[in-house]
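What follows is a short report on a single structure.
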Amino acid sequence: MTNQIKNQNAEKFMEELKRNFYEAERNEIVKRNLLIVLFEARQDLAEQLQVFKKEIERFSTLDIDDVQVVKHVLKRLIQKIEVFEGGKIKIHYNLSNPLLQN
Numbered sequence: 001m002t003n004q005i006k007n008q009n010a011e012k013f014m015e016e017l018k019r020n021f022y023e024a025e026r027n028e029i030v031k032r033n034l035l036i037v038l039f040e041a042r043q044d045l046a047e048q049l050q051v052f053k054k055e056i057e058r059f060s061t062l063d064i065d066d067v068q069v070v071k072h073v074l075k076r077l078i079q080k081i082e083v084f085e086g087g088k089i090k091i092h093y094n095l096s097n098p099l100l101q102n
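Numbering (UniProt numbering), first residue to last: 1 to 102.
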């Protein structure tokens, strides 16, 4: 094998190593960014749950005789209710900040 062929093979090998290194580095950056996004989403959900919990606590301590007021408060807390065959009920709670809604 001539020196020229050895050099070409060595250059190809080095280029492949560089490509693999940069690809691995990009993958690590993508993973890190994904973890950041997931962490922020989890924090946001935790904050929404805290707001929801406070709204429920406020609602549970109220002594409301006005049916319209009760309906309004429940509409702020519950997004929708699904009723299935067999009597199963699924409640979709409004986890956005109910204090900012009109």
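Even glycine gets a Cβ: it sits at the ideal position worked out from N, Cα and C.
Strand pairing of residue i, partner residues [DSSP]
i	result
K80	H92
Three-state secondary structure (DSSP) of residue i
i	result
P98	A caution first: P98 carries a pLDDT of 46, below 50, which makes its placement in the model unreliable, though a value can still be read off. Correct three-state label for P98: helix.
Q4	helix
Close Cβ partners of residue i (< 7 Å) along its chain, the five nearest in sequence each way excluded
i	result
N94	R76, L77, I78 and Q79
V73	F59
Neighbourhood of residue i by C-beta distance below 8 Å, restricted to the same chain and skipping five residues each side
i	result
F21	none
Cβ neighbours of residue i in the same chain (closer than 6 Å, five flanking residues each side left out)
i	result
K53	none
field: Start-end ranges of the alpha helix (DSSP H) lying completely within the region 11–90, minimum 4 residues
entry: 67–77
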